[in-house]
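When the letters of the sequence shown are read in order and numbered with the working numbering, they come out as residues -4 to 186. The beta carbon of each residue, even a glycine, is placed where N, CA and C say it ideally should be. Predicted model only: the values in this text are computed from it and were never measured. Beneath this line is the structure, given in structure tokens, with notes to follow.
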Amino acid sequence: MFLGVGRNRGSRPSQNAKRMGHPRGLKSTWFMCHRLRYSMVQNGLGEKLRGAVEVDEAYIGPKSNNRSRGQSYVDWKVPVVSMLERGTGRVRSVAVERVTLKTLQPILKENISNAARIHTDDHPIYQFVAPRFAGHDVVTHSIKEYARRENGRLITTNTVEGFFSLVKRGVCGTYHPIGRADLQQYITLAK
-4 MFLGVGRNRG
6 SRPSQNAKRM
16 GHPRGLKSTW
26 FMCHRLRYSM
36 VQNGLGEKLR
46 GAVEVDEAYI
56 GPKSNNRSRG
66 QSYVDWKVPV
76 VSMLERGTGR
86 VRSVAVERVT
96 LKTLQPILKE
106 NISNAARIHT
116 DDHPIYQFVA
126 PRFAGHDVVT
136 HSIKEYARRE
146 NGRLITTNTV
156 EGFFSLVKRG
166 VCGTYHPIGR
176 ADLQQYITLA
186 K
């Protein structure tokens, strides 16, 4: 198990097969790695995120030079919504088909306590989900605001953006051929 989680960006099944001298090769090692990932996240989600919770979305997938002409951005990238509890660093991530109010509301309701104060960017969808929480602070990326202090509180989404950076680096550097169906497993492991 150390081979898969002992490095910041993970380990490819082909590397693990070589290191272990696995007689059945890549397919068996790939399956075993997925079983280990699955068992590592089976202890449940636990309690809901509370306190200051950063919420943001990112689009994960191949670079634009790998797509065919005329294909839109959402066709070749998978939207991922992440919620990060500041202070403890607990993260919940969900791969979704589209970032809409219909998909976002149940995810936030299931993972974030009503007493939490959420921090988001200026994406218009967040103004509709904000009323169910104790507070909602917004950083306005469109005017190049990425963090600010207000009443002694730091308002930012930089921590969850850093999480996305690690996930994207893992996808580009380690797990190259991730499909839409498998992405949820990898982002769950990235926590």
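Quick one: what's got a C-beta closer than 7 angstroms to Y141's C-beta in the same chain, skipping five residues either side? If you ignore the 5 residues before and after Y141, its C-beta comes within less than 7 angstroms of the C-beta of V134, T151 and N153, all in its own chain and listed in chain order.
Rounded to whole angstroms, what is the Cα-Cα separation between P101 and R164? Their backbone Cα atoms lie some 28 angstroms apart in a straight line.
Please identify the residue among V73, R85, T95 and R81 whose C-alpha is closest to the C-alpha of G41. The residue with the shortest Cα to Cα distance from G41 is R85.
Does DSSP classify Y54 as helix, strand or coil? Y54 falls in the strand class under three-state DSSP.
When you compare only the Cα positions, how much space is there between Q179 and E92? Their Cα atoms are separated by approximately 12 angstroms.
Could you name the residues of the same chain whose beta carbon sits closer than 7 angstroms to that of F158, not counting the 5 residues immediately before and after it, in chain order? Answer for F158: S77, L79 and V86, listed in chain order.
For D132, list the residues DSSP reports as bridge partners. Under the DSSP definition of a beta bridge, D132 partners with H114.
Does DSSP put E49 in a helix, a strand or coil? Look at E49 here: in three-state DSSP terms it is strand.
Roughly how many whole angstroms lie between the Cα atoms of D51 and A125? D51 and A125: Cα-Cα distance of roughly 13 angstroms.
What is the DSSP secondary structure of T154, reduced to helix, strand or coil? Taken through DSSP and simplified to helix, strand or coil, T154 comes out as helix.
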